[in-house]
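K.L.:
Taken in order, the sequence shown gives residues 8 to 805; the numbers are from our numbering.
We put the beta carbon where it would ideally sit given N, CA and C, even for glycine.
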Amino acid sequence: MTRLRIALYSLGLLLLIFLGAGFYFYQNLPIIVEGQAKQYLQDYGVQSLRYERLKVSRQRLRTEALHFSGEYNDLSYTVDISSLAIAYNWRMLLIGEVQSVKLGRIELSLTEKTTLPAASASAPINLTEYLPRSVLDSLPVESVEIEHWQVTYQPADEAPVSATGSLQLSDQLQLQLLSSHQGSRLTASIVTFGAEAYPRASIQLYDGDIPLAELDMTLASAEPAAWHWALQGKLDYAPLLIWLRQLNSSLTPPLDLSGIDDLLLLGNSEFSVNLRHPTQLDLPDSATAFDYSTLEVEARTLNVITQLSSSSPEGKIAGDVVLDATLSAGELHFTLGASQLQGLLGTAQLALPDDTLQWLGWTETIPVQWSNPDNVLIVPTSSGSWAFQLENNLLALGDKKTELRLENLVLDVAFAVSDEIQVRADIDTRLNARLRKQRVPLIKLSLTFDGTPSQNSFQMKFEDVAESLGGSLQGNVSLSSGQGSYQASLNSQDLPYASEAFLPLLQDLKLLKKGLEFKLSSGRMTLDSKLQSSSFDLAGLKQQSQLKIADLSGVYDEYQFEGIALDAKWSGVEQWQTQGPAEFSMKRLNMGFEVLDTHALLSLPKATAIDQPTISLDELSSTVFGGRLYLPEPHVWDFAAKSNRFTLRAEGWRLADMVALQEGQEIQAHGTLEGSLPVTVTGGRIIIAKGYLRALAPGGTIRYIANESSRSLADSSPELGMALDLLSDFQYEVLSSEVELDEAGNLSLGLSLAGKNPAFFDGRAVNFNINLEQNLDPLLQSLRLSDKLVEQLENRIN
8 MTRLRIALYS LGLLLLIFLG AGFYFYQNLP IIVEGQAKQY LQDYGVQSLR
58 YERLKVSRQR LRTEALHFSG EYNDLSYTVD ISSLAIAYNW RMLLIGEVQS
108 VKLGRIELSL TEKTTLPAAS ASAPINLTEY LPRSVLDSLP VESVEIEHWQ
158 VTYQPADEAP VSATGSLQLS DQLQLQLLSS HQGSRLTASI VTFGAEAYPR
208 ASIQLYDGDI PLAELDMTLA SAEPAAWHWA LQGKLDYAPL LIWLRQLNSS
258 LTPPLDLSGI DDLLLLGNSE FSVNLRHPTQ LDLPDSATAF DYSTLEVEAR
308 TLNVITQLSS SSPEGKIAGD VVLDATLSAG ELHFTLGASQ LQGLLGTAQL
358 ALPDDTLQWL GWTETIPVQW SNPDNVLIVP TSSGSWAFQL ENNLLALGDK
408 KTELRLENLV LDVAFAVSDE IQVRADIDTR LNARLRKQRV PLIKLSLTFD
458 GTPSQNSFQM KFEDVAESLG GSLQGNVSLS SGQGSYQASL NSQDLPYASE
508 AFLPLLQDLK LLKKGLEFKL SSGRMTLDSK LQSSSFDLAG LKQQSQLKIA
558 DLSGVYDEYQ FEGIALDAKW SGVEQWQTQG PAEFSMKRLN MGFEVLDTHA
608 LLSLPKATAI DQPTISLDEL SSTVFGGRLY LPEPHVWDFA AKSNRFTLRA
658 EGWRLADMVA LQEGQEIQAH GTLEGSLPVT VTGGRIIIAK GYLRALAPGG
708 TIRYIANESS RSLADSSPEL GMALDLLSDF QYEVLSSEVE LDEAGNLSLG
758 LSLAGKNPAF FDGRAVNFNI NLEQNLDPLL QSLRLSDKLV EQLENRIN
């Protein structure tokens, strides 16, 4: 009995102890929970913990508010939670799990005390461990619901970033997120599906209320130990470009966007991406590159450009560009699909002088077009650069008045991007041009470029399709400043064909007068130049050139010329200065009479405007009438002056050659003349005032047989009859003539003769004067026309 009583007393005492302990824990549970929570949270830097109206029941813990703050990893944080409810049962608590957690509102504020160091190398990660299903299974709770959460992050030197949203965790995940930063908003909706809880995400980016971009993303298992991401989205260029500029202004230091500062881009891009990769990924550290060989990517973008221009409204470009990308076995390839851009280009973007634009007829805008008919593959090369080749492209610039068309354009390019883009390009094309409504012959064009936009070398070659005219330009140029040095050459071994092809253009350039006959029958030409530029403005261009012309023959305005040669060296662009006398020679010029073996030395000793130069005639001589016509001393010819005056000397002229100009007259004359001809050139006319010619001793003879017209006149004039009789066989000792030629082409000769005719006056010496007047224009024209007629008849007979 005693033992039983002792056992009952002991059991009662034990129950009393348990009841007392239970009552103690029940009465002091908030204090106990607070103490345990503080001890647990100390590992995360919690420095203060406060709650309001904590209620604990057998299956639920409630509190109207919970506040704690602290510091962790250079971050100071504050957490405010309202309406916290945790549901549990005792069995789950024994293994450290609860049934559900529900929060009405949670606010987390993070402040960065110092700039965080760069992340260290990460160990390989397994995507399976981070899937929502794995996260849900690892949580010590069956469900979590947060009606509203807010996180604010304050970096050390930047504007704060905030995010709000809601969260539901059970068998699946539903997360709503709204983040704001400097006026921009990012919204995201992340949900999961399927037994494995694969995530789906829908993300939108706004600038204020303006949509910028959107992205839809889905993850699924592709095969064992591999995953498939499917992404598709859309972005709008104009608001996104504005947003990026605003975001750049907050960066320290900001990026240099001066090259696109005034860019106006309207349109949108639609894209789709399929990404496959294994479950385990090896993330690189700072010294190790990422291994892309484990990734398989297929991407496509459709870029619709409705306007591409500067901020000024003068020009705009529009079109569609398709770009595909693939990543396989570590190699990334791009494919540019068949694309086309067209629109208007502002002439201000061409960096050409205003007078050049005015001459071309290009006003504020000109049409521009680019067309790529085939797919273009852009592939990496062994040197770490990229390469692609365009074929059968078209690039057109200009309007109906002046248009430049690069047809059958082939572009072979390799480029690498580091601090500055490095480009190696080969271009072959055909230039189909129209200048000022004049069609230019087709030109084959090739260009090689190697280097960066600021430091490079290039070589351009061109040749017309008939291979009558060609040239080259090589050197280096800064594409940003226009500074560079060049060597240029232009040559033609068939000037007749080249001149015929380019004649309309030369006339439009006013190098040749329209309506005048110009035709070459032979000729060769080479032009070599060295140039230096400090900008794109041609006014600052410096150049030295040498021009050689050989065997140039043809017809110009009824004047026939043969064997022209020229060798000239000069410097300057708008103002020229010769580096030495330019040598000019011509074998024959038919002006109605023959001018043979012309030779001249010309120079521009001082820089002078090329449109109205001042030329020094150092030497000038020709063979005329069997003798010599020359400039006895150097003379300066000023093209800007209304008139130029100089004196020519005549030596050894044969009188027989001179009288031969009189067609239809039977006259023979012998003798040698010399003289001086003061010449004034004004308004394109030659004037001779107070010139003279005289015969050299011992004189000569004149035999003139008068025709019927002259005899009929002599019947009415005894003086004329006597002169005709004396000239029928006149042996002169003295022959002199005053020479006058006026602006109308009227030639006046005051002829003085002294000599005898053996058949008259018993052979005594007589003196008499004869005044002759004739307009040279019709005379010389008739002589030139008669020579031309004979030439045409000979050509027909041959």
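Tell me which residues share the same chain as Ala28 and place their Cβ nearer than 7 Å to its Cβ, disregarding the 5 neighbours each side in the sequence.
P.N.:
Since pLDDT at Ala28 reaches only 41, below the 50 mark, its modelled position is unreliable, and the value read off the structure follows with that caveat. Within the same chain, Ala28 has no close Cβ partners at all.
K.L.:
With a cut-off of 8 Å on the beta carbons, I'd call Leu748 and Ile694 a contact; round off their distance for me.
P.N.:
About 6 Å; that satisfies the 8 Å criterion.
K.L.:
So the candidates are Gln356, Val386, Ala306, Gly368; which of them puts its Cα closest to the Cα of His340?
P.N.:
Out of Gln356, Val386, Ala306, Gly368, Val386 has the C-alpha closest to the C-alpha of His340.
K.L.:
Jot down the residue ranges of each uninterrupted beta strand (DSSP E) in the stretch 590–674, minimum 3 residues, whole runs only, in chain order.
P.N.:
As far as the stretch 590–674 is concerned, its whole beta strand (DSSP E) runs of at least 3 residues are 601–610, 621–631, 634–637, 642–645, 650–661.
K.L.:
Quick check on this structure: which residue in Ser173, Leu624, Ala696 has the alpha carbon closest to the alpha carbon of Leu638?
P.N.:
Per the Cα distances, Leu624.
K.L.:
Going by beta carbon distance, what residues of the same chain come within less than 6 Å of Asp664, once the five residues before and after it are set aside?
P.N.:
Excluding positions up to five away in sequence, the list reads Phe632, Gly633.
K.L.:
Could you say which of Leu411, Pro612, Glu371 lies nearest to Phe355 if we only look at CA atoms?
P.N.:
The sequence given here has Ala at residue 355, not Phe. Measuring from the Cα of Ala355, the nearest candidate turns out to be Glu371.
K.L.:
Could you pull out every unbroken beta strand (DSSP E) segment of at least 3 residues lying fully inside the stretch 464–546, listed in chain order?
P.N.:
Here the runs fully enclosed are 477–484, 491–499, 525–540.
K.L.:
What residue range is occupied by the uninterrupted alpha helix (DSSP H) comprising Glu726?
P.N.:
Here the alpha helix (DSSP H) through Glu726 covers 725–734.
K.L.:
Unbroken beta strand (DSSP E) runs of length 3 or more, entirely within the stretch 51–82: which are they?
P.N.:
Counting only runs of 3 or more, we get 53–59, 67–79.
K.L.:
What does the Cβ neighbour count give for Phe456, buried or exposed, with the cut at 16 atoms within 10 Å?
P.N.:
Per the 10 Å Cβ criterion, buried.
K.L.:
In angstroms with no decimal places, state the Cα-to-Cα distance between Pro162 and Gln189.
P.N.:
Going from the Cα of Pro162 to the Cα of Gln189 covers about 13 Å.
K.L.:
I think Ser83 touches Lys120, with their Cβ atoms under 8 Å apart; what is that distance to the nearest whole Å?
P.N.:
So it is a contact: roughly 6 Å between Cβ atoms.
K.L.:
Closest to Asp426 by CA distance: which of Lys444, Thr459, Asn483 is it?
P.N.:
For Asp426, the nearest C-alpha among the options comes from Thr459.
K.L.:
Which residue or residues does DSSP assign as beta-bridge partners of Leu411?
P.N.:
Answer is Leu404, Ala440.
K.L.:
Starting from Asp362, trace the alpha helix (DSSP H) in both directions and tell me its first and last residue.
P.N.:
Looking at the DSSP string, the run of the alpha helix (DSSP H) that includes Asp362 is 361–367.
K.L.:
Per the DSSP calculation, His284 is bridged to which residue(s)?
P.N.:
Looking at the DSSP assignment, His284 forms a beta bridge with Trp234.
K.L.:
Tell me which same chain residues have a C-beta within less than 6 Å of the C-beta of Ala495, skipping the five on either side of it?
P.N.:
Excluding sequence neighbours, Ala495 sits near Leu480, Ser536.
K.L.:
Spell out the partners DSSP gives Trp250 in its beta bridges.
P.N.:
Per DSSP, none; premise fails for Trp250.
K.L.:
Just checking my contact of Ala336 with Ser378 at CB under 8 Å: how many whole Å lie between their CB atoms?
P.N.:
Contact flag wrong, Cβ pair sits at about 33 Å.
K.L.:
Roughly how many angstroms lie between the CA atoms of Ile837 and Val417, to the nearest whole one?
P.N.:
Because the chain spans 8 through 805 in this model, residue 837 falls outside it and cannot be assessed.
K.L.:
At what residues does the beta strand (DSSP E) containing Asp216 begin and finish?
P.N.:
Counting along the chain, Asp216 falls outside any beta strand (DSSP E), and DSSP gives it neither H nor E.
K.L.:
Kindly indicate which residue of Trp369, Thr70, Gln365, Gln183 has the alpha-carbon position closest to the one of Leu351.
P.N.:
Of the candidates Trp369, Thr70, Gln365, Gln183, the one whose C-alpha sits nearest the C-alpha of Leu351 is Trp369.
K.L.:
Tell me which residues share the same chain as Ser116 and place their Cβ nearer than 6 Å to its Cβ, disregarding the 5 neighbours each side in the sequence.
P.N.:
Correct list, in chain order: Thr85, Thr159.
K.L.:
Compute the Euclidean distance between the alpha carbons of Glu152 and Ala229, then round it to the nearest angstrom.
P.N.:
Roughly 31 Å separates the two Cα atoms.
K.L.:
Pairs of beta-carbons, one from the stretch 728–741 and one from the stretch 682–697, closer than 8 Å: are there three or more?
P.N.:
Segments in contact, no.
K.L.:
Straight-line CA distance for Pro380 to Gln211?
P.N.:
Answer to the nearest angstrom: the Cα atoms are 35 Å apart.
K.L.:
If I measure Cβ to Cβ from Leu182 and keep anything under 6 Å in the same chain, skipping five residues before and after, which residues do I get?
P.N.:
Answer for Leu182: Leu174, Ile197, listed in chain order.
K.L.:
Checking the sheet assignment: what are the DSSP bridge partners for His188?
P.N.:
His188 is bridged to Ser191.
K.L.:
At the 8 Å Cβ level, is Ala233 part of the contact set with chain D, yes or no?
P.N.:
Annotation note: the requested chain D is absent from the structure, which comprises a single protein chain.
K.L.:
Work out the CA separation of Met593 and Thr423 for me, nearest whole Å.
P.N.:
The residue you asked about is not Thr; residue 423 is Ala in the sequence shown. Using only the alpha carbons, I get a separation of about 56 Å.
K.L.:
Identify the residues that DSSP records as bridge partners of His677: which are they?
P.N.:
Answer is Thr708.
K.L.:
For the putative contact between Leu684 and Val746, defined by C-beta atoms under 8 Å, what is the C-beta separation to the nearest angstrom?
P.N.:
That pair is a contact at about 6 Å.
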